[in-house]
Structures are given as C-alpha cells and as structure tokens.
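Have a look at the structure below before the remarks.
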Amino acid sequence: MKSLLAALAFTTALTAPGLALARPVTLTTTLTNYGGGGAYLALYVTDAKGTYKGSLWMAGKKTKYYKHMIDWHRATGGNAAEVNGITGASVGAGRTLEITLDLADALFDAGYTLHIDAAVEDMRESPSEITVPLTTSGAGKAVRGRRYISTFQYGL
Amino acid sequence: MRSTTLALLVTSTALTAVTGLPAQSAMPSLADATLGALSALNADHPKPQPFILVSDDEEDDDDEEDHEDDDEDEGQGGLRHQAPAATVTPPANGLFGNGTPPQVKVN
Numbered sequence: 000m001k002s003l004l005a006a007l008a009f010t011t012a013l014t015a016p017g018l019a020l021a022r023p024v025t026l027t028t029t030l031t032n033y034g035g036g037g038a039y040l041a042l043y044v045t046d047a048k049g050t051y052k053g054s055l056w057m058a059g060k061k062t063k064y065y066k067h068m069i070d071w072h073r074a075t076g077g078n079a080a081e082v083n084g085i086t087g088a089s090v091g092a093g094r095t096l097e098i099t100l101d102l103a104d105a106l107f108d109a110g111y112t113l114h115i116d117a118a119v120e121d122m123r124e125s126p127s128e129i130t131v132p133l134t135t136s137g138a139g140k141a142v143r144g145r146r147y148i149s150t151f152q153y154g155l
Numbered sequence: 000m001r002s003t004t005l006a007l008l009v010t011s012t013a014l015t016a017v018t019g020l021p022a023q024s025a026m027p028s029l030a031d032a033t034l035g036a037l038s039a040l041n042a043d044h045p046k047p048q049p050f051i052l053v054s055d056d057e058e059d060d061d062d063e064e065d066h067e068d069d070d071e072d073e074g075q076g077g078l079r080h081q082a083p084a085a086t087v088t089p090p091a092n093g094l095f096g097n098g099t100p101p102q103v104k105v106n
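As you go down the protein sequences, you meet chains A and B in turn. Counting in numbering that gives the first Met the number 0, the first sequence runs from 0 upward without gaps. Counting in numbering that gives the first Met the number 0, the second sequence runs from 0 upward without gaps.
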C-alpha cells in the first residue's frame with residue numbers, strides 16, 4: 000500500500016508541473032472597415048533580442064501571398080511549415096478574429112513580443128502592425144493598430 | 000533602224016515562245032492543285048459533300064488556364080498545403096502546450 004501511495008505521489012509530482020506549463024490564451028483581433036478584400040494576418044513571437052521564436056497563427060491559406068507578410072516572411076523565409084496546423088481563413092474587413100491557443104507560460108513576463116503582420120490584396124502591406132509585449136499585466140488591454148487592425152488584445 | 004528593232008522584237012518573242020511555253024505547261028496551276036486536293040478528299044466520299052462553313056472564331060476555352068485555383072501554389076518551404084488548424088498538432092516551436100487544439104472563431 001505504501002509503495003502504491005509513493006508511486007501515486009511520484010507520478011503526480013511529475014505530472015503537475017507539466018499541467019501548469021501552459022494555459023489557454025485568447026487572442027482577439029478586430030479589423031477596421033478598410034474597404035478591401037480579406038486580410039492576411041501573421042501572428043508570431045520574437046524574444047527579447049528581436050529574434051523570431053515561432054508563429055502562433057496564420058489567417059489566410061494561399062502560400063503565394065505569404066511574402067506580403069513582410070517581417071514574418073523575412074524571419075521564416077516563407078516556410079509554410081511554420082504555420083502547419085495553425086492556419087485559418089483570411090479575415091474580412093470589420094470582422095473580429097478570435098483564436099484560443101494553449102500557450103506556454105514561459106512566454107509571459109519573459110521579454111517576448113507578439114507581432115501581427117497584415118496584408119490585403121491590392122493594398123499596402125503592414126508589417127508588424129501590432130507589437131505588444133506578452134505580460135500578465137498586459138492581458139485584457141486593447142492595443143490599437145495602424146492600418147487594417149482596429150484593436151488587438153489577449154486574454155489569459 | 001526600224002527593221003533592226005523589228006528583228007529584235009521577233010527574235011525575243013520567238014525565244015520566249017520556245018522556252019516559256021513548255022515551262023508553263025509543265026507547272027500545275029493553282030486551280031489544278033486545288034481541284035486535285037478536292038478530288039483526293041472526295042475519293043473517300045463518293046457522294047458530293049455539302050460545303051461546310053468553318054468558323055473562324057479563335058476562342059478556345061479549352062486552353063484557358065483556370066486562375067481561380069490559386070491554392071495550388073507551392074510555398075517556399077516546399078510545403079504544398081499547410082494543414083488547417085486542429086487537423087494536426089501545432090509546430091513544435093516551444094510556444095504551445097500539449098492541451099486543447101487551437102480554436103478559432105470569426106465574428
């Protein structure tokens with residue numbers, strides 16, 4: 000019996016940190032009524048040195064347009080594998096994109112920055128239209144965009 | 000002067016007649032060629048064939064490329080189609096946990 004309890008405690012101790020390593024985070028992006036077609040949005044993260052760490056989401060499925068997400072493309076070389084499994088449809092003007100992701104706790108309060116590159120067909124590209132530090136205190140606070148994005152916020 | 004000119008004219012006419020007429024008769028005329036071709040065609044069709052108006056419409060829809068299928072392009076990473084959300088696990092870039100798959104909603 001004692002050995003069973005010990006085994007249970009041991010496995011719980013091993014599992015508990017893993018459960019606490021990530022949490023669901025909702026990223027909400029509302030677009031302006033810019034009067035064009037669906038916007039492509041690349042959401043990705045850089046570290047404190049500005050080095051690309053990885054992508055969180057790609058709104059837009061046609062890889063030939065990925066070059067218009069200028070900063071993301073520069074960081075990734077346009078590698079579509081970076082957004083494999085995290086790709087959805089482009090987002091229409093005036094619409095709100097709400098994504099819920101299971102994100103690592105280590106992303107918050109550690110100097111990471113979330114970027115959003117935006118592009119619309121026949122309109123100007125907008126690299127890093129949103130740049131927002133990932134902090135627990137910044138959760139729920141709306142950030143304004145420059146061109147296509149009205150507001151962005153993340154909720155923990 | 001006048002007799003000399005007359006002699007030259009007769010000579011040149013005679014030369015033309017001697018050399019030109021056999022050559023011309025040896026050449027099949029365009030009309031003969033056309034008739035020959037039609038005869039060859041009709042050889043397979045004993046009955047007279049009606050004339051058919053052949054359209055000169057240059058439009059040929061079969062050759063037009065379908066530009067709507069833009070999804071067929073290949074990404075620079077060599078991936079032909081990136082998997083949509085929730086169909087495969089997100090990239091192992093250290094940003095994602097192992098919990099719920101991505102959920103997306105557009106309002």
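All C-beta atoms, glycine included, are put in the ideal place defined by N, C-alpha and C.
Check	Outcome
Taking a contact to mean a Cβ-Cβ separation below 8 Å, would you say A:PRO23 touches A:ASP70 in this structure?	no
Based on the DSSP secondary-structure assignment, which residues constitute the bridge partners of A:GLU97?	A:THR27 and B:LYS104
Determine the direct distance from the alpha carbon of A:GLU81 to that of A:ALA103, and round the result to whole angstroms.	17 Å
Could you check whether A:ILE98 and B:VAL87 sit closer than 8 Å to each other, using their CB atoms as the reference points?	no
According to DSSP, is A:LYS52 part of a helix, a strand, or is it coil?	strand
When you compare the CB positions of A:TYR33 and A:ALA88, do they come within less than 8 Å of one another, or not?	no
Taking the alpha helix (DSSP H) that A:ILE85 falls in, what are its first and last residues?	First-last for A:ILE85: undefined, no H or E at that position.
Which same chain residues, not among the five before or five after A:THR95, have their C-beta less than 6 Å away from its C-beta?	THR29
Determine, using beta carbons only, whether A:PHE151 and A:THR27 come nearer to each other than 8 Å.	yes
Using DSSP bridges, identify the partner residues of A:HIS114.	A:TYR43 and A:THR130
If we count the other Cβ atoms within 10 Å of its Cβ and call it buried at 16 or more, is A:LYS48 buried or exposed?	exposed
Determine, using beta carbons only, whether A:GLU124 and A:GLY35 come nearer to each other than 8 Å.	no
Please report the residue range of the alpha helix (DSSP H) in which A:THR75 lies.	69 to 75
Do A:HIS114 and A:TYR43 come within 8 Å of each other at the CB atom, strictly closer than that value?	yes
Return the Cβ separation of A:TYR51 and A:ALA74 in integer angstroms, given the expectation that the two are a contact with Cβ distance under 8 Å.	4 Å
What number of angstroms, rounded off, separates the C-alpha of A:LEU55 from the C-alpha of A:GLY76?	16 Å
Name the chain B residues whose beta carbon is nearer than 9 Å to that of A:ARG94?	VAL105 and ASN106
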